[in-house]
Amino acid sequence: MATRQTASLARLMRAPAIILLLIWMLVPLGMTLYYSFLNYNLLNPANTSWAGWFNYQYFYSDPAFFESIWNTLVLVLGVLLITVCGGIGIAMLIDKPIFGQGLVRILVISPFFVMPPVAALIWKNMIMHPSYGVFADIAKFFGANPVDWFAQFPLLSIILIVAWQWLPFATLILLTSLQSLDGEQMEAAEMDGAPALSRFIYLTLPHMARAITVVILIQTIFLLGIYAEILVTTNGGPGFASTNLTYLIYRAARLNFDIGGAAAGGIIAVILANFVAIFLMRAVGKNLD
Amino acid sequence: MGRITLEGVAKRFGDVEVIPPLNLDIEDGEFVVFVGPSGCGKSTLLRLIAGLEDVSDGRILIDGTDATDASPAKRGLAMVFQSYALYPHMSVRKNIAFPMKMAGIPADEQNRRIEAAAKALNLTNYLDRRPGQLSGGQRQRVAIGRAIVREPSAFLFDEPLSNLDAALRVGMRLEISELHNRLKTTMIYVTHDQVEAMTMADKIVVLHAGRIEQVGSPLDLYNAPKNAFVAGFIGSPRMNLFSGPAAAEYGAETIGVRPEHISVSPDSGKWKGRIGVSEHLGSDTFLYVEDTGLAETITVRSDGEVNLRHGDTVWLTPNEDKIHRFDKAGDRIA
Chain B
9 MATRQTASLA RLMRAPAIIL LLIWMLVPLG MTLYYSFLNY NLLNPANTSW AGWFNYQYFY
69 SDPAFFESIW NTLVLVLGVL LITVCGGIGI AMLIDKPIFG QGLVRILVIS PFFVMPPVAA
129 LIWKNMIMHP SYGVFADIAK FFGANPVDWF AQFPLLSIIL IVAWQWLPFA TLILLTSLQS
189 LDGEQMEAAE MDGAPALSRF IYLTLPHMAR AITVVILIQT IFLLGIYAEI LVTTNGGPGF
249 ASTNLTYLIY RAARLNFDIG GAAAGGIIAV ILANFVAIFL MRAVGKNLD
Chain L
23 MGRITLEGVA KRFGDVEVIP PLNLDIEDGE FVVFVGPSGC GKSTLLRLIA GLEDVSDGRI
83 LIDGTDATDA SPAKRGLAMV FQSYALYPHM SVRKNIAFPM KMAGIPADEQ NRRIEAAAKA
143 LNLTNYLDRR PGQLSGGQRQ RVAIGRAIVR EPSAFLFDEP LSNLDAALRV GMRLEISELH
203 NRLKTTMIYV THDQVEAMTM ADKIVVLHAG RIEQVGSPLD LYNAPKNAFV AGFIGSPRMN
263 LFSGPAAAEY GAETIGVRPE HISVSPDSGK WKGRIGVSEH LGSDTFLYVE DTGLAETITV
323 RSDGEVNLRH GDTVWLTPNE DKIHRFDKAG DRIA
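Taken in order, these protein sequences are the chains called B and L. Just add 8 to the spot in the first sequence (first one is 1) and you have our numbering. Just add 22 to the spot in the second sequence (first one is 1) and you have our numbering.
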């Protein structure tokens, strides 16, 4: 800003949007906070009363509570690991000039356009189903017993489905980063005697650090709230083996009609998300400078 | 040692032959400059020597051994790129250390060489900075430092000064020449700037459309250009070339006279003309003479004191000993 007048004018012009965003954020947060201290059940809404910390105690003492937090973290980390590693690999493959490059790139990106419940249903009924899924056919072809994915490895199955959905996003971001890598740098490293693996470690990876950080941060935001894939496949089970925090809140609100308990869970989820965010910014945030 | 021999080396991209088969000998310790207009294949030729491109035909010998199929790293050559190609996320020290790290040289030997290179290139105070925090000239020196520490048998420079401003370019030109005097290592230097070629080279290779037009010392090329292309390319300002009756008088299709070999007189001489633009540089004056009937303009280099202005009528007289004659094919008539 050139002058003090334009600076204050700019602040004035920005204000409506910022105030609107603030209200948009503060009102739901405030209401959730408020409800989390109420005895408020939709089965008996007339009997709403002040509950103090009871909802938090109740949610905390839920046998599924710690398991769901653990599942949430495993889900986020598992999907991040698969999408970042896989994304780097696929991006490097489709960065090379090949026949039908345009078509290959569109196909690679297409899973991102499939909405989550549809994708999860396709995986459930056509790929991982123990009697007529593709995996079962493959297992039978090799003479092995088909795996009942959602019964035996419920969380892993959901990680695979979500990773499949997010792999295109990671690939796309990493590919653009890869394409901006200076060819002369690679040639210089080649002349310096660096074999392909060293060039990858010392040049490609550091060059992609910023893009990898973006992928991790954006995906984490969305992965903390994974819900649809669990609902249409395992329903959080067996037991609580595939229940994450979001799904636990859903159970409280929509199956038990306990608005107060769900709100308390929501606040806990917000706190967890902030912990994860602080941890992530400490770990990888410096790449964004 | 750094003796490089090209035997029938050719390069084709699909059907397009960018470099027809050519032979070239580069002696150990020579400073060789590849010069030519852009697109003449000089960078491609350098990349063939470096091993960054595969030759389509012929052999490349380095110190007598066939290196045609050797990987770039195995050839023992170091290259300085036009964009410097520094590793942006590494400090200057790590940049310089990188080739030694890859070669598995012990850490204390690495440090000794880094310190020596940094001292020679005035980089000691910048070793812990990133390339992004350096000026163009400093980046250039880091790139050279990275090449030096490998102790290569030859240095390859790909238009290293083209990203620098004019003043810095003159300074770096001197530094590279001094470096060559000190190291006495073979250097191959690619440029489109004939001034760089003339000032730095032991041997100039003039390239045109992938072909070698002439190989020789700077003065050979200046005094006896093999053809009209070399004549027009080497020397600044450019040689005046004209054909027609004035050339026929000398029994040639085209004749060339350098601007410095034409004398100017206000009242008598061989060719009459009118001054278009005169550029006063102090030490010299460049006169662009029009309406001579020979060529559109004739450039004349006169001394700095000459008092001629736009529109003045002048008479030009070429130095008869310094007239270059070329036949129909553009080749020199001895």
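Just so you know, even glycine gets a beta-carbon here, dropped at the ideal spot from N, CA and C.
Any Cβ of chain B closer than 8 Å to the Cβ of L:Pro247 would place that residue at the interface, and such an atom is absent.
When the alpha-carbon of B:Ser206 is set against those of L:Ser78, L:Ala165, L:Ala219 and L:Met124, the nearest one is in L:Met124.
Proximity of L:Tyr272 to chain B, defined by a Cβ-Cβ separation below 8 Å, is not satisfied. Between B:Gly245 and B:Tyr255, the beta carbon gap of about 10 Å keeps them out of contact (Cβ cut-off 8 Å). Residue state for B:Ala178 is assigned as helix, using DSSP reduced to three classes. A straight-line Cα-Cα distance of about 17 Å links B:Ile279 and B:Ser69. Remark: C-beta atoms of L:Val38 and L:Val77 do not approach each other more closely than 8 Å. Three or more beta-carbon pairs separated by less than 8 Å link the region 174 to 183 of chain L to the region 64 to 73 of chain L, which places the two stretches in contact. The contact set of L:His214 on chain B, defined by CB atoms closer than 9 Å, is empty, because the minimum CB distance reaches about 18 Å. Its chain contains Gly24, Lys206, Thr207 and Thr208 as the residues whose beta carbon lies nearer than 8 Å to that of L:Gly51, once the 5 sequence neighbours on both sides are disregarded; these appear in chain order.
The C-beta distance from L:Pro182 to L:Leu99 rounds to 15 Å, too long to fall under 8 Å, and the pair is not in contact. Contact fails between the region 207 to 226 of chain B and the region 109 to 120 of chain B, because fewer than three Cβ pairs, one in each stretch, are under 8 Å apart. Measuring C-alpha to C-alpha distances from B:Phe45 to each of B:Cys93, B:Leu231, B:Asn63 and B:Ala285 identifies B:Asn63 as the nearest.
Assignment of B:Trp61 by DSSP, reduced to helix, strand and coil, places it in the coil class. Per DSSP, reduced to three states, the secondary structure at L:Thr208 is strand.
The continuous beta strand (DSSP E) containing L:Gly295 extends over residues Trp293 to His302. The criterion of a C-beta distance shorter than 8 Å is satisfied by L:Arg323 and L:Phe308.
Here L:Lys225 carries a strand assignment [DSSP, helix/strand/coil]. For B:Asp190, the closest Cβ of chain L is nearer than 8 Å. Close to B:Gly293, with beta-carbon spacing below 7 Å, lies no residue of chain L; the smallest spacing is near 16 Å.
The DSSP-derived three-state label of L:Lys248 is coil. Less than 8 Å divides the Cβ of L:Arg347 from the Cβ of L:Ala274. Around the beta-carbon of B:Ile31, fewer than 16 other beta-carbon atoms lie within 10 Å, marking it exposed. Put simply, the region 39 to 49 of chain L does not touch the region 196 to 204 of chain L. Fewer than three CB pairs are less than 8 Å apart.
Between L:Thr335 and L:Ile284, the gap from beta carbon to beta carbon reaches 8 Å or more. The beta carbon of B:Gly94 lies closer than 8 Å to those of Ala171, Leu175, Ala178 and Thr179 in the same chain, with the five residues before and after it left out. Taking a Cβ-Cβ cut-off of 9 Å, the neighbours of L:Leu74 in chain B comprise Glu195, Glu198 and Met199, given in sequence order.
Within chain L, no residue has its beta carbon less than 9 Å from that of B:Pro105; the closest one is some 14 Å off.
One finds nothing in chain L with a Cβ atom closer than 8 Å to the Cβ of B:Ser118; even the nearest lies about 33 Å away. B:Leu211 has a beta carbon lying within less than 8 Å of a beta carbon in chain L. Distances from the alpha-carbon of B:Gly247 to those of B:Pro71, B:Gly38 and B:Leu34 put B:Pro71 closest. The C-beta of L:Met209 comes no closer than 8 Å to any C-beta of chain B. Considering only beta carbons, the part of the region 107 to 124 of chain L lying closer than 7 Å to chain B consists of Ala107, Tyr109, His111, Phe120, Pro121 and Met124, in chain order. The shortest CA-to-CA distance from B:Ile77 to any of B:Val240, B:Ile257 and B:Met39 is the one to B:Ile257. Under the 10 Å beta carbon count, L:Val279 is surrounded by 16 or more other beta carbons and is classified as buried.
With contact defined as three or more Cβ pairs closer than 8 Å, the region 192 to 202 of chain B and the region 109 to 127 of chain L are in contact.
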